[in-house]
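To keep things clear, I will list the structure first and then write my remarks on it.
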Amino acid sequence: MNKGGHLAIGFVLGICFILVMSKTFGWFDVMNFEAWGVYVLIIFIYALLADVDHKMSSITWIFIGMSVIGMSAAFYFDLKLMMGLSLGLLILTFTAAQFFPHRGPTHTVWFGALTCIPVYLILGWQEGILAYLIYYSHLFADGEYFNLGL
């Protein structure tokens, strides 16, 4: 499936999940526009994240751009943590795009779970579940329902 298809599935599923969980359990603040900005960002990134192993994918180039901008800002403002995180993102993105086969390790349920940990730690477990659901929608759309990478 292409980028547009993954984004369409991710956004429909993500918005439905947010609305249902908000109404049922009060998980998400659907009346907060700043929160929606975070939800949209999560959906956008995680709908495409599995394709970071493809050299020409949108997410690969977005991550490279984010890394360069992050390192530049970190250098200018002398922010060591931001420099480390930006450099780490650049190294991981380059390594995945250069050395992983397409639909290899990044198309597994384990990679999805590992990449959702930062969302869980920074934003909370509800947002972490949203990120994983959207990531898994990518695997499902590619027909890799239970790819454990074994």
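Going left to right, the sequence shown walks through residues 175 to 324 as this note's numbering numbers them.
No residue lacks a Cβ here, since even glycine has one placed at the ideal position from N, Cα and C.
State buried or exposed for residue i, treating a residue as buried only when at least 16 other CB atoms are found within 10 Å of its CB.
i: serine 246; result: exposed
i: threonine 198; result: exposed
i: isoleucine 243; result: exposed
Rounded C-beta distance between residue i and residue j? I'm assuming under 8 angstroms.
i: glycine 298; j: cysteine 290; result: About 12 angstroms separates the two Cβ atoms, so there is no contact after all.
i: alanine 182; j: lysine 229; result: Not a contact, Cβ separation roughly 23 angstroms.
i: histidine 281; j: asparagine 321; result: 6 angstroms
For residue i, which option in the options has the closest C-alpha, if you only look at C-alpha atoms?
i: glycine 239; options: Ser260, Val212, Thr280 and Phe251; result: Ser260
i: valine 293; options: Leu215, Lys254, Phe191 and Cys190; result: Leu215
i: threonine 267; options: Ser232, Ala248 and Met256; result: Ser232
i: leucine 264; options: Val226, Thr280 and Tyr250; result: Val226
i: lysine 177; options: Leu193, Tyr220, Cys190 and Ile192; result: Tyr220
i: isoleucine 236; options: Leu253, Phe218 and Phe249; result: Phe218
Going by the C-beta, is residue i closer than 7 angstroms to any heavy atom of the ligand COA?
i: histidine 228; result: In the structure on display, the ligand COA does not appear, and there are no ligands present to speak of.
What three-state label does DSSP hand residue i in the structure shown?
i: leucine 288; result: helix
i: aspartate 203; result: coil
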